[in-house]
Amino acid sequence: MRRGMTFDDVLLIPRRSAVLPNQVDVRTQLTSHIYLKIPIISAAMDTVTEAKMAIAMAVEGGVGVIHRYLNPEQQAEEVRKVKRFESGVIKDPFTLSADEPVWKALQLMRDKGISGVPIVSAEGRLEGLLTRRDLQFQTELDVAIAKVMTPREKLITAPANVDLEEAKKILYQHRIEKLPLVDKNFKLQGLITIKDIRRASEHPNACKDKRGRLVVGAAIGTALDLKREELLLEAEVDFLVVDTAHGHSEPVLEKIRILKKEFPKVDIIAGNVATSDGATDLVDVGADGVKVGIGPGAICTTRVVAGIGVPQLTAILDCAEALHDSGIPIIADGGMRTSGDIVKALAAGASSVMLGSLLASTEEAPGELYTLRGETYKTYRGMGSVTAMKEARDKERRYFWDEVKEPIAEGIEGRVKYRGKLDGVLHQLIGGLEHGMGYLGAPDLKSLREQSEFIEITAASVIESHPHDIQITREAPNYHFEDGI
Ligand code: XMP
């Protein structure tokens with residue numbers, strides 16, 4: 000019988016170094032064809048990744064995977080929200096017609112989080128623009144938009160092929176926030192907003208596709224009808240993740256074969272596995288990325304309920320060794336509680352890490368935010384928890400569901416302390432990674448993988464590793480009370 004290791008069982012041995020933390024390069028490969036600026040992916044969970052999180056992740060240089068406990072149309076809509084965002088140019092803006100009531104515009108603005116709507120005729124010709132400014136003093140909500148909008152004659156527009164610099168000049172010169180793009184017949188071709196232009200310049204690190212739109216992935220199951228996949232691809236998702244508890248199974252292998260045949264251009268990540276055989280079998284049928292992790296997650300009970308799993312560090316080491324010659328990247332999924340764990344996962348051979356609990360705590364996660372005895376929390380739950388499965392059962396029958404008996408859950412539901420905005424949390428996680436690379440003399444993630452040496456430690460060393468013989472009176476942004484327990 001072998002011994003399995005996880006993050007707390009080891010440390011990385013420091014090495015002579017000429018590398019300073021602020022000089023390291025943390026860019027990486029997600030799949031055969033997709034690259035990231037930071038090696039972090041937000042988990043495909045209903046309390047972690049919908050459009051808001053995926054947008055924030057891609058803006059910071061990582062990526063999000065939209066969870067699949069949504070019906071296919073809703074999931075595709077979340078993908079579309081990401082693809083529409085921050086391209087500088089919104090190619091396909093939401094529109095309304097002039098005879099619709101004002102309340103409809105307000106509803107659309109609220110639901111889609113937008114601050115202005117181009118008003119178009121049935122033929123798609125621009126007739127006006129309705130912005131928050133136009134609605135500021137409007138108390139009568141049943142009147143037609145035509146009465147309130149800024150009409151076409153008063154609008155500044157630009158041709159569809161205007162470049163971003165030119166658009167910026169026009170916006171500044173006329174002190175306007177939105178610039179509709181039209182063709183010579185005044186048909187609406189797009190919309191440029193000052194907000195998107197500013198954002199684009201604030202985030203040079205954003206992870207973008209060839210057309211300058213944010214990159215996003217979506218989780219799918221093993222259903223063979225491919226309706227979900229078709230809708231996601233129509234929404235121009237960048238990659239698909241066959242998201243299952245047991246990736247080393249016939250339905251998953253079959254699904255990858257079919258996806259590769261039907262959609263040969265789309266990168267497929269598959270998982271989860273925890274063994275070298277599992278990883279190579281997925282690659283043999285065409286996976287472009289392999290996700291590793293059976294039971295390490297903060298909310299997982301698979302190991303307790305089913306007695307199954309491989310300690311996460313050993314799982315990563317085994318899969319990385321098996322896939323070394325194939326060049327297919329590994330994503331370490333679950334079980335990382337600190338930035339140090341991320342350094343260990345990447346040193347063990349993962350090209351990127353997928354995080355649930357560390358990101359569920361941020362503002363951008365969809366989980367509910369609430370206060371209890373002066374502390375602020377967000378809900379975080381396993382996708383195999385009873386409540387998540389119950390909510391999902393009408394949308395997609397992922398698990399066999401018996402209406403009378405309780406389902407066999409492999410996850411629990413809980414809460415994590417609220418940690419504010421995602422960019423602050425990522426700053427700490429990437430900062431920790433950079434420090435680790437400095438200690439190891441690793442200028443990039445490839446060197447981190449190739450040069451690192453682990454040392455196995457004892458339970459006494461774990462105690463020594465954490466703050467000890469002191470009562471902590473103040474939490475650090477990257478060290479919380481629960482990290483030491
Ligand atoms: P962390 O530790 O980052 O883990 O919170 C997130 C990962 O956990 C997996 N996951 C589950 N595993 N039962 C499980 O055994 C569940 O209910 C469950 N929900 C999520 C998933 O791989 C995720 O990325």
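Residue numbers (numbering that gives the first Met the number 0): 0 to 484.
A virtual CB, placed ideally from N, CA and C, is assigned to each residue, including glycine.
Remember, it's a predicted structure, so these values are computed and weren't measured experimentally.
Taking 8 Å as the threshold (C-beta atoms), are residue j and residue i in contact?
i: tyrosine 68; j: alanine 273; result: no
i: valine 215; j: glycine 63; result: yes
i: glycine 326; j: arginine 380; result: no
i: valine 101; j: leucine 154; result: no
i: glycine 415; j: serine 356; result: The amino acid occupying residue 415 in the given sequence is valine; glycine does not appear at that position. Taking 8 Å as the Cβ cut-off, valine 415 and serine 356 qualify as a contacting pair.
i: serine 338; j: asparagine 477; result: yes
i: alanine 319; j: isoleucine 330; result: no
i: isoleucine 268; j: leucine 258; result: no
i: isoleucine 219; j: leucine 239; result: yes
i: leucine 225; j: proline 38; result: no
i: isoleucine 12; j: glutamate 433; result: no
i: valine 251; j: valine 265; result: no
i: tyrosine 438; j: serine 41; result: no
i: valine 58; j: leucine 444; result: no
i: glutamate 176; j: threonine 192; result: yes
i: arginine 448; j: glycine 348; result: yes
i: proline 310; j: threonine 46; result: no
i: isoleucine 298; j: serine 384; result: yes
Just reading off the alpha helix (DSSP H) that residue i is part of, what are its end residues?
i: aspartate 133; result: 131-134
i: methionine 353; result: Taken as a continuous stretch (DSSP letters only), methionine 353 belongs to no alpha helix (DSSP H), being part of the beta strand (DSSP E) at 351-354.
i: glycine 339; result: 338-346
i: aspartate 276; result: 275-283
i: proline 71; result: 71-83
i: lysine 111; result: 101-111
i: aspartate 242; result: Where aspartate 242 is concerned, there is no enclosing alpha helix (DSSP H), although the beta strand (DSSP E) it sits in stretches over 238-242.
i: valine 303; result: 301-305
i: lysine 226; result: 226-233
i: leucine 444; result: 444-450
On the criterion of 16 or more Cβ atoms from any shown chain inside 10 Å, does residue i qualify as buried, or is it exposed?
i: histidine 247; result: buried
i: threonine 571; result: Because the chain is modelled from 0 through 484, residue 571 falls outside the range shown and cannot be assessed.
i: alanine 458; result: exposed
i: glutamine 188; result: buried
i: serine 464; result: exposed
i: valine 461; result: exposed
i: asparagine 271; result: buried
i: leucine 468; result: Correcting the residue identity first, residue 468 is aspartate in this sequence and not leucine. Per the 10 Å Cβ criterion, exposed.
i: glutamine 28; result: buried
i: arginine 418; result: buried
i: lysine 146; result: exposed
i: leucine 19; result: exposed
i: lysine 404; result: exposed
i: serine 200; result: exposed
i: glutamine 74; result: buried
i: leucine 368; result: exposed
i: isoleucine 89; result: buried
Quick one: give me the first and last residue of the beta strand (DSSP E) that residue i is part of.
i: glutamate 362; result: First-last for glutamate 362: undefined, no H or E at that position.
i: threonine 192; result: 187-192
i: aspartate 332; result: 329-332
i: isoleucine 257; result: Run containing isoleucine 257: none in the beta strand (DSSP E); it sits in the alpha helix (DSSP H), 249-261.
i: lysine 167; result: Run containing lysine 167: none in the beta strand (DSSP E); it sits in the alpha helix (DSSP H), 163-173.
i: glutamate 455; result: 453-455
i: leucine 178; result: 177-181
i: aspartate 266; result: 266-272
i: valine 461; result: From DSSP, valine 461 is part of no beta strand (DSSP E) but of the alpha helix (DSSP H) over 458-464.
i: isoleucine 315; result: Segment 311-322 is the alpha helix (DSSP H) holding isoleucine 315; no beta strand (DSSP E) there.
i: lysine 492; result: With the chain running from 0 to 484 in the structure shown, residue 492 is simply not present.
i: valine 214; result: Taken as a continuous stretch (DSSP letters only), valine 214 belongs to no beta strand (DSSP E), as it is neither H nor E.
i: glycine 63; result: 62-65
i: tyrosine 118; result: The sequence given here places isoleucine at residue 118; tyrosine does not occur at that position. Counting along the chain, the beta strand (DSSP E) containing isoleucine 118 begins and ends at 115-119.
i: leucine 11; result: 9-11
i: glycine 288; result: 288-291
Can you tell me the Cβ-Cβ gap for residue i and residue j, rounded? I've got them flagged as a contact below 8 Å.
i: arginine 227; j: proline 71; result: 4 Å
i: methionine 335; j: leucine 354; result: 6 Å
i: lysine 254; j: threonine 221; result: 5 Å
i: isoleucine 341; j: leucine 428; result: 6 Å
i: lysine 377; j: leucine 213; result: In fact, because the Cβ distance is near 23 Å, the residues do not count as touching under 8 Å.
i: leucine 95; j: isoleucine 144; result: 6 Å
i: lysine 420; j: threonine 361; result: 6 Å
i: alanine 97; j: glutamate 126; result: 5 Å
i: glutamate 455; j: aspartate 8; result: 6 Å
i: histidine 32; j: aspartate 195; result: Their Cβ separation, rounded to whole angstroms, is 26 Å, which puts histidine 32 and aspartate 195 out of contact at 8 Å.
Tell me whether residue i, by its Cβ, gets closer than 7 Å to a heavy atom of the ligand NAD.
i: glycine 381; result: In the structure shown, the ligand NAD is absent; the only ligands present are the ligand XMP.
Next on the checklist: Runs of 4 residues minimum, wholly inside the segment 379-439: which ones carry the alpha helix (DSSP H) assignment?
Outcome noted: You should have 385-391 and 421-439.
- Item | alpha helix (DSSP H) runs contained entirely in the segment 132-157, provided each spans 4 or more residues | As far as the segment 132-157 is concerned, its whole alpha helix (DSSP H) runs of at least 4 residues are 144-147.
Original post:
Fully enclosed by the segment 16-50, which beta strand (DSSP E) runs are 3 residues long or longer?
Top reply: 39-41
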